[in-house]
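Residue numbers (the working numbering), protein chains in the order written: chain U, 1 to 204; chain F, 205 to 510.
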């Protein structure tokens, strides 16, 4: 059994948001919804001001609060550790969205798919081929591009990152790239005080 | 420009507080209707006042499901909400609500037309129906707070005082509503008991609200952010004037000094319900997600400040 996870290298991230675009493209993510973001944070006092980019994504927590609160059993964890949503079971109650401390759940508006990217009611060919995977009114989240993972590929955001700031692999394997990175550079989890055991780590 | 302290950042790509917007007006109305309706049912049941039971159950049994369904993304699959009572408070609440409506209606029927005698049943069956209705009602007035406090996302909600607040506000609303509905029928002694009960409950509600704020402010920066919004920020007008002053202090004064006059009681009911509804909506509006790497020093190793 594997435990798939991701490491973000904050020194490598340049905030280009190519990952965001790749995610949108791979998953046909509807307008206004992001499964991953690269947040910017500025700190310090003039003239010693610095900016850091902090990529964020669903942390696929081992103790996922979104899964615990789901009243319909729509949220589940695969054997490889990816937290998924079964859209046929989701009732759109938003319990998962308020339970996720990282705000990484999104509810798909009932009319979001009808309006389309341009808000004209006319869908582009790209939208037509991609929107079939979504059910209006249900919860959406990153699934580490499970369709790519199943085909032996890396998630789109990882594959597209020009600076290798995103490293994906099996955290149970001590010799995997993310495990080595976490060990050597002291990987830290986001909001560890929430006790969700995220499978996403940050290194500096 | 520097940004040592994080602020509300909306949906932007900046690090900061993000308001929860997933549970909005519909959910607030559903919670409010359930707590007022079930509170009225339970207090009326205690005083064996049939009209109060009917009105309370009708309020909880119609408006709560209506607002929940209007909130839900896929209302046609609403039945699925009851599939996970082992882990989800939403499921437990859904099941309790069904039991409350079913057994509550049976109790009302039994109380009004003597259903057990008509059907030739043992009187203990009627008692059992009554106890199940009470138990389900108690779960309904607590579970909404439990569903909120189970979420670690928002410090404002993640407090054991949230379900206590649900419970106490529901009973206060129930007692006030019963006093207003049954003014002509209850008699002097139950009225006096209710007035004494209300004086204590309204003060207790005030203490609980204060406790909620103190707990949230001391537990995390996100909690302090929410409290600041309620006490000094853009929500302070609604919170201080409507939820606290109109919703708690005015009813206490009206009940304490005019509890024997119907006009004062009616005014207290209106003031309390307006304040209660405002508090319900404000608890949703003021909840913020902590920045994903809130304490940058602690979470991901960046220096706290330079």
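Where is the CB? At the ideal position from N, CA and C, for every residue including glycine. For clarity, every value in this text was computed on a predicted model and none was experimentally measured.
Output the distance between the C-alpha atoms of residue i and residue j, rounded to the nearest integer angstrom.
i, j, result
"residue 331 (chain F)", "residue 315 (chain F)", "11 Å"
"residue 222 (chain F)", "residue 75 (chain U)", "23 Å"
"residue 145 (chain U)", "residue 20 (chain U)", "13 Å"
"residue 496 (chain F)", "residue 102 (chain U)", "6 Å"
"residue 402 (chain F)", "residue 376 (chain F)", "6 Å"
"residue 517 (chain F)", "residue 50 (chain U)", "Nothing in the structure corresponds to residue 517 (chain F), since chain F is present only between 205 and 510."
"residue 380 (chain F)", "residue 306 (chain F)", "25 Å"
"residue 190 (chain U)", "residue 200 (chain U)", "8 Å"
"residue 192 (chain U)", "residue 333 (chain F)", "47 Å"
"residue 407 (chain F)", "residue 31 (chain U)", "48 Å"
"residue 391 (chain F)", "residue 253 (chain F)", "11 Å"
"residue 269 (chain F)", "residue 116 (chain U)", "31 Å"
"residue 198 (chain F)", "residue 232 (chain F)", "In the structure displayed, chain F extends from 205 to 510; residue 198 (chain F) sits before or after that span and is not available."
"residue 325 (chain F)", "residue 336 (chain F)", "17 Å"
"residue 167 (chain U)", "residue 419 (chain F)", "39 Å"
"residue 215 (chain F)", "residue 281 (chain F)", "29 Å"
"residue 219 (chain F)", "residue 120 (chain U)", "32 Å"
"residue 195 (chain U)", "residue 240 (chain F)", "35 Å"
"residue 171 (chain U)", "residue 61 (chain U)", "13 Å"
"residue 262 (chain F)", "residue 247 (chain F)", "15 Å"
"residue 412 (chain F)", "residue 93 (chain U)", "28 Å"
"residue 212 (chain F)", "residue 359 (chain F)", "15 Å"
"residue 33 (chain U)", "residue 106 (chain U)", "7 Å"
"residue 370 (chain F)", "residue 343 (chain F)", "11 Å"
"residue 486 (chain F)", "residue 382 (chain F)", "26 Å"
Closest Cβ-Cβ distance between residue i and chain F: below 8 Å?
i, result
"residue 37 (chain U)", "yes"
"residue 54 (chain U)", "yes"
"residue 76 (chain U)", "no"
"residue 41 (chain U)", "yes"
"residue 171 (chain U)", "no"
"residue 73 (chain U)", "yes"
"residue 70 (chain U)", "yes"
"residue 191 (chain U)", "yes"
"residue 110 (chain U)", "yes"
"residue 194 (chain U)", "yes"
Determine, using beta carbons only, whether residue i comes closer than 8 Å to chain U.
i, result
"residue 230 (chain F)", "no"
"residue 400 (chain F)", "no"
"residue 509 (chain F)", "Unreliable positioning characterises residue 509 (chain F) in this predicted model, as indicated by a pLDDT of 33, which lies under 50. The coordinate reading is nonetheless provided below. It does: the Cβ of residue 509 (chain F) has a partner Cβ on chain U nearer than 8 Å."
"residue 350 (chain F)", "no"
"residue 284 (chain F)", "yes"
"residue 438 (chain F)", "no"
"residue 277 (chain F)", "yes"
"residue 206 (chain F)", "Interpretation of residue 206 (chain F) is limited by its pLDDT of 42, a score under 50 that renders its predicted location unreliable; the figure taken from the coordinates is listed afterwards. Answer yes: the Cβ-Cβ gap between residue 206 (chain F) and chain U drops below 8 Å somewhere."
"residue 281 (chain F)", "yes"
"residue 505 (chain F)", "Model confidence at residue 505 (chain F) stands at a pLDDT of 48, short of 50, so the residue's coordinates are unreliable; what they give is reported in the following sentence. Yes, because at least one Cβ of chain U sits closer than 8 Å to the Cβ of residue 505 (chain F)."
"residue 253 (chain F)", "no"
"residue 494 (chain F)", "yes"
"residue 498 (chain F)", "Note that residue 498 (chain F) has pLDDT 46, beneath the 50 cutoff, so the model's placement of it is unreliable and the number below is only indicative. Yes, residue 498 (chain F) counts as interfacial toward chain U."
Under 8 Å, do residue i and residue j count as touching if we go by C-beta distance?
i, j, result
"residue 38 (chain U)", "residue 53 (chain U)", "yes"
"residue 238 (chain U)", "residue 161 (chain U)", "The displayed coordinates of chain U run from 1 to 204. Any statement about residue 238 (chain U) would go beyond what the structure contains."
"residue 204 (chain U)", "residue 183 (chain U)", "no"
"residue 277 (chain F)", "residue 110 (chain U)", "yes"
"residue 385 (chain F)", "residue 255 (chain F)", "yes"
"residue 312 (chain F)", "residue 257 (chain F)", "yes"
"residue 366 (chain F)", "residue 416 (chain F)", "yes"
"residue 260 (chain F)", "residue 378 (chain F)", "yes"
"residue 341 (chain F)", "residue 242 (chain F)", "yes"
"residue 104 (chain U)", "residue 141 (chain U)", "yes"
"residue 72 (chain U)", "residue 304 (chain F)", "no"
"residue 6 (chain U)", "residue 178 (chain U)", "yes"
"residue 22 (chain U)", "residue 156 (chain U)", "yes"
"residue 130 (chain U)", "residue 28 (chain U)", "yes"
"residue 293 (chain F)", "residue 347 (chain F)", "yes"
Can you check whether the C-beta of residue i is within less than 8 Å of a C-beta belonging to chain C?
i, result
"residue 107 (chain U)", "This model lacks chain C altogether, as its protein chains are U and F."
* Output, in sequence order along the chain, the residues in the segment 322-348 of chain F whose CB is closer than 9 Å to any CB in chain U. => None of the residues of the segment 322-348 of chain F has a beta carbon lying less than 9 Å from any beta carbon of chain U.
* For the segment 85-102 of chain U, which residues have a beta carbon sitting closer than 8 Å to at least one beta carbon of chain F? -> Answer set for the segment 85-102 of chain U: 89, 90, 91, 92, 93, 94, 95, 97, 98, 99, 100, 101, 102.
* To do: Could you please tell me which residues of the segment 287-302 of chain F, in chain order, have their CB closer than 8 Å to any CB of chain U?
  => Listed in sequence order: 287, 288, 291, 292, 293, 294, 295, 298.
* Against chain U: residues of the segment 379-404 of chain F by CB proximity under 8 Å -> Under the 8 Å Cβ criterion, the segment 379-404 of chain F contributes no residue.
* Asked: Counting Cβ pairs, one atom from each stretch, are 3 or more of them under 8 Å apart for the segment 431-449 of chain F and the segment 478-486 of chain F?
  -> Touching, yes.
* To do: Determine which residues of the segment 210-228 of chain F have a Cβ less than 7 Å from any Cβ of chain U, and write them out in chain order.
  => Contact residues of the segment 210-228 of chain F toward chain U are 217, 218, 219, 222, 224, 226, 227 (C-beta to C-beta distance below 7 Å).
* Asked: Which residues, in order along the segment 56-68 of chain U, keep a beta-carbon less than 8 Å from a beta-carbon of chain F?
  -> Listed in sequence order: 56, 65, 68.
* Asked: At a Cβ cut of 7 Å, what residues of the segment 354-365 of chain F count as close to chain U, listed as they run along the chain?
  -> Taking 7 Å as the Cβ-Cβ cut-off, the segment 354-365 of chain F approaches chain U at 354, 355, 356, 357, given in chain order.
* What residues in the segment 137-148 of chain U bring their beta carbon closer than 8 Å to a beta carbon of chain F? -> For the segment 137-148 of chain U, which is checked against every Cβ of chain F, the residues closer than 8 Å are 137, 138, 139.
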